[in-house]
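This report refers to the structure that appears directly beneath it.
Numbering (this note's numbering), first residue to last: 298 to 672.
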């Protein structure tokens, strides 16, 4: 098992006018520098346009900047929102990013989930269709030899043949293979995981209860196997907040106070509680966190800190990670959300240091491809 971070970023202080955009950027790059220094494996950035607490309209720019300030950590997007880009241009920029990072770039693609982002780009409710067509184009640009032409409903690619005059088209991936691609999913029977499996991409599970994770893996493996791909648990990323301090008591205090707790209490949990089944008063997202253990209306920061997140001293966190690894049947990378702690950075820095230098070496030997699935 490897460990990484997801720097969306979450920043309530920016949303409330207490932090500048430049301050957000500087803090996010500091987080990645620490993660690289302490030996974490991966760092991801998200893409949103109209969501104040998640200010990140250009993950590729953050990856490019981080690549120049780090040397080992792999840098990914979770995700580039394909309906909001010309996929021909995006495919080329991402190949260039692959070279800029020295092959450390991990691609991630999604249709976009926030309705206000879709409104901004006037996609007319066609995000899912646009994503599928854009994926075909990106993969063609990355892997097909020119010349070729693809005519779609939303975009058309007319890739010219190589000419001695222009010495192009010329751009290929940093290595022989195209960059790896991750696709995130939340529901147990996730359409995104079906798409990932069918195309041979890597799954990344959002922060959900363990039974939902097991269902997601079954969804993914079924789609992958039916498409002729070999699913590997080492390719599976699982998101869970990890909070480490020198003692269990210090870790719980760190988890339930400060910006992590504030962001979950004021932004993330309200979002989970707002989304309901269509035409019903029944919650559709909150049970993904609780798996029915409590009523959705009773869901709060203290509950997720004690029952969902991985919180404690290094010894406790290693024990909890090992248990989660066994209960899910094994996965390759555990990804933890990070938050704006720029006003009091030392506890967060120490948290990353303990994750990278104390926890990561002790869970590195966990083999995701040889763990029997728990009942």
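Ideal placement from N, C-alpha and C gives every residue a C-beta, glycine not left out.
Quantities reported herein were computed from a predicted structural model and do not represent experimental measurements.
When you compare only the Cα positions, how much space is there between residue i and residue j?
i	j	result
residue 531	residue 664	8 angstroms
residue 570	residue 372	31 angstroms
residue 520	residue 528	9 angstroms
residue 646	residue 328	8 angstroms
residue 378	residue 586	25 angstroms
residue 581	residue 564	17 angstroms
residue 318	residue 304	15 angstroms
residue 656	residue 615	6 angstroms
residue 413	residue 437	30 angstroms
residue 310	residue 415	25 angstroms
residue 400	residue 390	14 angstroms
residue 644	residue 633	16 angstroms
residue 388	residue 316	33 angstroms
residue 348	residue 485	26 angstroms
residue 465	residue 658	45 angstroms
residue 523	residue 482	19 angstroms
residue 312	residue 340	23 angstroms
residue 617	residue 441	44 angstroms
residue 314	residue 489	35 angstroms
residue 620	residue 411	34 angstroms
residue 545	residue 606	13 angstroms
residue 474	residue 362	24 angstroms
residue 635	residue 667	30 angstroms
residue 537	residue 504	5 angstroms
residue 302	residue 497	23 angstroms
residue 469	residue 487	32 angstroms
residue 562	residue 450	42 angstroms
Ignore the nearest five residues each way along the sequence and tell me which others in residue i's own chain have a CB closer than 6 angstroms to its CB.
i	result
residue 299	338, 630
residue 476	395, 402, 404
residue 494	517, 520, 521
residue 510	502, 625
residue 670	The predicted model places residue 670 with a pLDDT of 47, which falls under 50 and marks its position as unreliable; any figure quoted below should be read in that light. Correct list, in chain order: 626.
residue 406	376, 377, 379
residue 533	500, 628, 629
residue 325	304, 306
residue 471	395, 396, 400
residue 330	366
Among the residues of its own chain, which have a CB less than 8 angstroms from the CB of residue i, if the five just before and after it don't count?
i	result
residue 446	453, 454, 455, 456
residue 321	306, 308, 311, 352, 637
Suppose the cutoff is 7 angstroms on Cβ atoms and the five residues either side in sequence are ignored; what does the same chain contact list for residue i look like?
i	result
residue 425	408
residue 548	540, 541, 542, 608, 609, 610
residue 583	569, 570, 593, 596
residue 491	516, 520
residue 356	342, 343, 344, 374, 377
residue 443	456, 457, 458, 459, 466
residue 369	333
residue 553	598, 599, 602
residue 508	588
Could you spell out where the beta strand (DSSP E) holding residue i opens and where it closes?
i	result
residue 348	Segment: none, residue 348 is in no beta strand (DSSP E) and carries neither H nor E.
residue 472	Taken as a continuous stretch (DSSP letters only), residue 472 belongs to no beta strand (DSSP E), as it is neither H nor E.
residue 307	299 to 307
residue 459	Run containing residue 459: none; DSSP gives neither H nor E here.
residue 673	Look at the range of the chain in this structure, 298 to 672, and you will see that residue 673 is not part of it.
residue 340	339 to 342
residue 445	445 to 448
residue 482	478 to 482
residue 500	499 to 502
By alpha-carbon positions, which one of the options ends up nearest to residue i?
i	options	result
residue 541	612, 486, 581	612
residue 382	428, 421, 450, 643	428
residue 604	588, 359, 416	588
residue 358	398, 384, 368, 369	398
residue 386	535, 641, 342, 439	439
residue 308	351, 343, 544, 345	351
residue 641	369, 551, 526	551
What residue does the alpha helix (DSSP H) around residue i start on, and which one ends it?
i	result
residue 584	583 to 587
residue 508	507 to 523
residue 618	611 to 625
residue 640	Residue 640 -> no alpha helix (DSSP H), and no H or E assigned at all.
residue 373	No alpha helix (DSSP H) contains residue 373, which is instead part of the beta strand (DSSP E) from 371 to 374.
residue 245	The structure shown does not extend to residue 245, since the chain is modelled only from 298 through 672, so no value can be given for it.
residue 656	Unbroken run through residue 656: none, as it is neither H nor E.
residue 384	384 to 397
residue 536	Residue 536 -> not in any alpha helix (DSSP H); beta strand (DSSP E) instead, spanning 534 to 536.
residue 356	356 to 364
residue 331	318 to 334
residue 555	555 to 560
residue 600	598 to 604
residue 494	488 to 496
residue 415	412 to 418
For the ligand NAP, is there a heavy atom less than 7 angstroms away from the beta-carbon of residue i?
i	result
residue 386	Ligands in the displayed structure: none, and consequently the ligand NAP is not present.
Please confirm if the region 647 to 656 is in contact with the region 334 to 350, defined as three or more CB-CB distances below 8 angstroms between the two stretches.
Output reads yes: the region 334 to 350 touches the region 647 to 656.
Meets three-Cβ-pair contact criterion under 8 angstroms: the region 588 to 601 and the region 543 to 563
Because the criterion of three Cβ pairs below 8 angstroms is met, the region 588 to 601 and the region 543 to 563 touch.
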